[in-house]
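Below: the structure, in structure tokens.
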Amino acid sequence: MSGIPDNLVGLHKHVKQFREKNDETLFEELELFIEEEKVRRKLVLERPGELFFFYKEDYIVVTEELSKIPLTAEEFTGSSSLLRQLNEDQIDMVGQLTKELVILRSMRMWGSYLSC
Numbered sequence: 002m003s004g005i006p007d008n009l010v011g012l013h014k015h016v017k018q019f020r021e022k023n024d025e026t027l028f029e030e031l032e033l034f035i036e037e038e039k040v041r042r043k044l045v046l047e048r049p050g051e052l053f054f055f056y057k058e059d060y061i062v063v064t065e066e067l068s069k070i071p072l073t074a075e076e077f078t079g080s081s082s083l084l085r086q087l088n089e090d091q092i093d094m095v096g097q098l099t100k101e102l103v104i105l106r107s108m109r110m111w112g113s114y115l116s117c
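This note's numbering puts the first residue of the sequence shown at 2, with every later residue one more than the last.
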């Protein structure tokens, strides 16, 4: 659950055009997030050492062999600017990608590559 702040007090002050509905939405989404995290945590504990990519309630098991695939133009054609950015950020193998695909989607450089 590293994706949420340690302290939620006053968080609403950072929302533009705050309304009471915002609190309701926050707690509904937080409840959903916690339920997803419980499932993920259980999965990780049941399958130690395995690599997973998560997208909301879905996940992909990445084998050790797949995690070692280099992020190169030879392996992933048509994504040269994405690969260049990843390599500049010292992400050179599939296993180095962030495990949370929602984070990838939210990153500016990924916008045109992921349309989940």
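Heads up, the beta-carbon is just placed ideally off N, CA and C, and yes, glycines get one too.
When we look at the beta-carbon of residue i and count the other beta-carbons within 10 Å, is it buried (16 or more) or exposed?
| i | result |
| --- | --- |
| V95 | buried |
| L12 | exposed |
| L9 | exposed |
Please identify the residue among the options whose C-alpha is closest to the C-alpha of residue i.
| i | options | result |
| --- | --- | --- |
| R42 | E30, E58, E66 | E58 |
| P49 | T73, Y56, V62, S81 | V62 |
| K69 | N23, I92, R20 | I92 |
| Y56 | S81, V40, L46, H15 | V40 |
By DSSP's criteria, residue i is part of a beta bridge. Which residues make up the other side?
| i | result |
| --- | --- |
| F28 | F28 pairs with nothing; no bridge assigned. |
| E101 | F55 |
Inspect the beta-carbon positions of residue i and residue j and report whether they are closer than 8 Å.
| i | j | result |
| --- | --- | --- |
| L87 | A74 | no |
| F34 | K100 | no |
If you scan the segment 17–76 from start to end, which runs of the beta strand (DSSP E) of 3 or more residues do you find wholly inside it?
Qualifying beta strand (DSSP E) stretches, in chain order: 52–56, 59–63.
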